[in-house]
Amino acid sequence: MVLESFQVGEGDVPTVLLHGFLGTGRNLRSLAMAWSAADPRRRFLMPDLTGHGASPVPPPSADLYTLARDVLDTARAQGFTGALDWVGHSLGGRVSLAASLHVPEAVSRVSLLDIAPGPVPYDLSDSGMVLGILLQAPPRAPNRKEMRATLTAKGLSDGLADWLVMNLVADGDGVRWRFDRQALAELHSRVNGTDLWAAVERKDRPPMRCIRGGRSRYVSDAEAARLEAAGCPVATLPGAGHFVHVDAAKELLEWLLRD
10 MVLESFQVGE GDVPTVLLHG FLGTGRNLRS LAMAWSAADP RRRFLMPDLT GHGASPVPPP
70 SADLYTLARD VLDTARAQGF TGALDWVGHS LGGRVSLAAS LHVPEAVSRV SLLDIAPGPV
130 PYDLSDSGMV LGILLQAPPR APNRKEMRAT LTAKGLSDGL ADWLVMNLVA DGDGVRWRFD
190 RQALAELHSR VNGTDLWAAV ERKDRPPMRC IRGGRSRYVS DAEAARLEAA GCPVATLPGA
250 GHFVHVDAAK ELLEWLLRD
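Add 9 to the 1-based position in the sequence shown for my numbering, that's all there is to it.
Given below as structure tokens:
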């Protein structure tokens, strides 16, 4: 499956930047622009992952491996050849780990942005809470403002509501969600339940590294120690939460530039 995507940079180091659950490729545009300016060798591909943004709805059996294959199919269709540098935030990091297991010849390196390889407990998953509210929202509204008001009335913060209504598209005299919410809910349970430690702890894996937000719960101290023991160095951004590319953009870029 070929995904909706866009590119930044014209270098010869192929790099895919993958967003988190309920996001889109454009969530990482600022990071790609800054990284490209600092390292013109790179060419970045930012797809909307399967089921997200303007990309197709996932098939009923879709899992992390499905998402990884779709990213690779899209990269190849866009002329990205050879092994790719995979950089993923949250869900995007888990897709990157799945790629290293399923299509290892297409992975030169994996950089995890605030995500660990193990299953994500439901009570830890911010995306699970957001998804629950999203499923309660109406399928359409007269305008973005009214849908936003519905979301905040159900308990979402202003920031999260603003982020979600970016996924509304015009439809006749109103707006509707551009993704299939039920399909995403089914995908969410499968991708969060997958154990990917084998990707990190197996022999002959590509180089891997991880950075976590000091205020985030997604990579615990115990998980960081296990990653380090497996040869995957872990850095911490003390003031950042889960969205490290937003909370500590400068510091994250400095870390990414350390080849």
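We put the beta carbon where it would ideally sit given N, CA and C, even for glycine.
| Check | Outcome |
| --- | --- |
| Just tell me which of Leu196, Ser109, Arg85 has its CA closest to the CA of tryptophan 95. | Ser109 |
| Counting along the chain, where does the alpha helix (DSSP H) carrying serine 45 start and finish? | 38–47 |
| Roughly how many whole angstroms lie between the Cα atoms of alanine 92 and leucine 76? | 17 Å |
| For valine 80 versus proline 215, is the C-beta distance shorter than 7 Å? | no |
| Going by beta carbon distance, what residues of the same chain come within less than 7 Å of methionine 34, once the five residues before and after it are set aside? | The amino acid occupying residue 34 in the given sequence is glycine; methionine does not appear at that position. For glycine 34, where only same-chain residues beyond five positions count, the Cβ hits under 7 Å are Ser14, Phe15, His28, Met55, Pro56, Asp57, Gly62. |
| Below 6 Å CB to CB, which residues in the same chain sit around proline 151 once its five sequence neighbours on both sides are set aside? | Gly183 |
| Entirely within the region 126–199 and at least 3 residues each: give me those beta strand (DSSP E) ranges in chain order. | 177–180, 183–186 |
| Flag this pair as yes or no: are the beta carbons of valine 228 and glutamate 237 separated by less than 7 Å? | no |
| Is the beta carbon of arginine 52 closer than 7 Å to that of glycine 88? | no |
| Below 7 Å CB to CB, which residues in the same chain sit around tryptophan 206 once its five sequence neighbours on both sides are set aside? | Pro126, Gly127 |
| Between Tyr131, Asp48, Pro68, which lies nearest to aspartate 189 when the distance is taken from Cα to Cα? | Pro68 |
| What span of residues does the alpha helix (DSSP H) with glycine 102 cover, start to end? | 100–111 |
| Roughly how many angstroms separate the alpha carbons of alanine 170 and serine 136, rounded to a whole number? | 13 Å |
| Please report the straight-line C-alpha distance between serine 105 and glycine 164, rounded to a whole angstrom. | 32 Å |
| From leucine 121 to leucine 266, what distance separates their C-alpha atoms? | 14 Å |
| At what residues does the beta strand (DSSP E) containing valine 17 begin and finish? | 14–17 |
| How about methionine 217 and valine 119: are their beta carbons less than 7 Å apart? | yes |
| Among the candidates Pro23, Leu40, Val66, whose CA atom is the shortest distance from the CA of arginine 187? | Val66 |
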